[in-house]
Amino acid sequence: MLQTFELAGWRLLWLVPYRALPLLLYAIGWLILLRPYDPEGRAGLGYLLWVAFVRDSIDRLLPVASVGGSVAGVRLARWRGLAAIPVSASIIVEILLTLIVSYLFAAFGLVLLMDLHASGPQYQRLLVPFLCSLLVPTVTALLLRYGSVFKRLHGLLRPFVGEGAIAEGAASLDHELRASLRRGWRLLAAGALQLAALVCGSFEIWFALRLFGHPVGPSAAMMLESLTQAVRLLAFMVPAGLGVQEAGLVLFGQALGISGELALSVSMAKRMREVLCGLPSLLSWQWMEGRRLRRLAPTTS
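For any residue, its number in the numbering used here is found by taking its place in the sequence shown, counting from 1, and adding 3.
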């Protein structure tokens with residue numbers, strides 16, 4: 004990362020404040036999904052933006068298989084007095100939208116890749132897993148919309164967890180998920196904001212390549228960003244996408260005449276931004292956790 008910074012210069016640091024733009028779009032989308040459960044606005048946009056930074060930092064820097072940030076998001080939203088079930092439903096719907104939007108963005112990236120006349124077998128083989136995996140968001144959306152996923156899951160776990168409040172919570176979560184998935188315009192608005200956030204992420208690649216002396220057009224930057232994010236999504240179990248992001252940039256950068264060394268430099272620029280944005284967010288979260296624990300701790304006479 005230090006070598007990348009020396010190569011690109013101090014202007015590379017502009018990527019750090021720029022990260023606030025896509026996260027702001029994500030926060031607005033989550034606010035739209037949460038509003039039916041928070042009419043008083045207890046969790047305002049500023050607070051949700053901070054939570055979005057924390058969630059992104061957890062998913063990017065910690066070994067949590069890209070789901071730990073969502074769990075932390077439920078906890079942090081509850082600090083504002085929101086009920087766990089509605090908040091969990093909003094985040095599950097948000098994750099579903101992210102999955103769908105990521106597939107749309109990846110499909111756009113594949114079109115751009117073919118438009119660049121990348122007809123090699125290593126690129127053509129991408130179409131098969133992409134088309135086969137389209138069933139994942141489709142089946143997931145149908146199950147959440149028309150099924151009782153969590154109630155059935157509790158049925159499988161009943162011999163281990165028993166009856167009681169868990170069964171009621173599972174049924175309530177299914178109900179809130181179905182209610183959230185019926186709010187069409189809110190889903191459309193949140194999904195559009197997520198797509199805009201993904202497109203904004205392409206600027207990082209465009210800007211870094213210009214600083215490295217290998218400028219590309221906006222469409223090429225979007226192709227690299229969309230397909231790299233698609234690879235990271237498919238390999239979500241890999242902590243922070245280590246190695247996955249780098250391999251994606253090297254593979255797809257070949258279509259643009261980008262050398263492997265340059266592609267790795269772009270990846271390091273993104274990693275540097277993740278660290279510089281993520282560490283302060285994680286520290287602020289831990290500081291808030293400490294304050295909360297001290298406030299809730301019983302006083303001794």
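Note that beta-carbon positions come from the ideal geometry of N, C-alpha and C, so glycine has one too.
Quiz item: Measuring CA to CA, which of Leu-18, Leu-37, Gly-32 is closest to Glu-179?
Solution: The shortest CA-to-CA distance from Glu-179 to any of Leu-18, Leu-37, Gly-32 is the one to Leu-37.
Exercise. Indicate the three-state DSSP secondary structure (helix, strand or coil) for Ser-222 in the structure shown.
Key: Ser-222: helix per DSSP, three-state reduction.
Quiz item: What alpha helix (DSSP H) runs, 4 residues minimum, are completely inside the region 86-121?
Solution: Segments of the alpha helix (DSSP H) lying fully in the region 86-121: 87-118.
Quiz item: At what residues does the alpha helix (DSSP H) containing Gln-197 begin and finish?
Solution: If you look at Gln-197, you'll find it in the alpha helix (DSSP H) that goes 187-214.
Exercise. Evaluate the contact criterion for the region 52-59 versus the region 266-276: three or more CB pairs, one atom per stretch, below 8 Å.
Key: The answer is no - the region 266-276 does not touch the region 52-59, with fewer than three Cβ pairs under 8 Å.
Quiz item: Under 8 Å between the Cβ atoms of Leu-102 and Thr-143?
Solution: Contact: yes.
Quiz item: Is the distance from the Cβ of Leu-196 to the Cβ of Leu-28 below 8 Å?
Solution: At a Cβ-Cβ threshold of 8 Å, Leu-196 and Leu-28 count as neighbours.
Quiz item: My guess is that Gly-281 and Leu-64 are in contact by the Cβ rule of under 8 Å, so how many angstroms apart are they, rounded?
Solution: Between Gly-281 and Leu-64, the beta carbon gap of about 5 Å places them in contact (Cβ cut-off 8 Å).
Exercise. Go ahead and label Asp-118 buried or exposed: buried means 16 or more other beta carbons lie within 10 angstroms of its beta carbon, across all protein chains shown.
Key: By the 10 Å Cβ count, Asp-118 comes out exposed.
Self-check item: Whole-number beta carbon distance between Leu-48 and Ile-61, since they are thought to touch under 8 Å
Solution: The beta-carbon separation of Ile-61 and Leu-48, rounded to 20 Å, does not stay under the 8 Å limit for a contact.
Quiz item: Out of curiosity, what's the CA-to-CA distance linking Gly-370 and Leu-15?
Solution: The requested residue 370 does not occur in the structure, where the chain is confined to residues 4 to 304.
Quiz item: By Cβ distance, which residues of its chain are closer than 6 Å to Gly-76, with the 5 residues on each side in sequence left out?
Solution: Contacts found: Val-54, Arg-58, Ile-94.
Quiz prompt | Residue interval of the alpha helix (DSSP H) (run including Tyr-21) | solution = Counting along the chain, the alpha helix (DSSP H) containing Tyr-21 begins and ends at 18-21.
Quiz item: Do the CB positions of Leu-230 and Leu-100 come within less than 8 Å of each other?
Solution: In this structure, Leu-100 does not lie closer than 8 Å to Leu-230 by Cβ.
Quiz prompt | Where Gly-72 falls, given that 16 or more other Cβ within 10 Å makes a residue buried | solution = Under a 10 Å Cβ-count criterion, Gly-72 is classified as buried, with 16 or more other Cβ atoms of the shown protein chains found around its own Cβ.
Quiz item: Thinking just about the alpha-carbon of each residue, which of Ala-46, Val-19, Val-241 is nearest to the one in Val-278?
Solution: Measuring C-alpha to C-alpha distances from Val-278 to each of Ala-46, Val-19, Val-241 identifies Val-19 as the nearest.
Quiz item: Do Leu-227 and Leu-252 come within 8 Å of each other at the CB atom, strictly closer than that value?
Solution: The answer is yes: Cβ separation under 8 Å.
Quiz prompt | Residues near Gly-165 by beta carbon distance below 7 Å, same chain, minus five either side | solution = With a pLDDT of 45 at Gly-165, under the threshold of 50, the predicted position of this residue should be treated as unreliable, though the coordinate-derived value follows. No residues qualify anywhere along the chain.
Quiz item: Among Pro-283, Leu-296, Ala-258, Ala-86, which residue has its Cα nearest to the Cα of Leu-115?
Solution: When only C-alpha atoms are compared, the closest one is Ala-258.
Quiz item: Count the other CB atoms within 10 Å of the CB of Val-70; is the residue buried (16 or more) or exposed (fewer)?
Solution: It is exposed - the Cβ of Val-70 has fewer than 16 other Cβ atoms within 10 Å.
Exercise. Check Val-241 in the structure and name its three-state DSSP category.
Key: Val-241 falls in the coil class under three-state DSSP.
Exercise. Go ahead and pull the three-state DSSP assignment for Gly-158.
Key: With a pLDDT of only 45 at Gly-158, under 50, the local geometry of the prediction cannot be trusted, and the value read off the model is given with reservation. Three-state result, Gly-158: helix.
Quiz item: Hey, quick one: how far does the alpha helix (DSSP H) through Trp-53 stretch, first residue to last?
Solution: First-last of the alpha helix (DSSP H) with Trp-53: 48-64.
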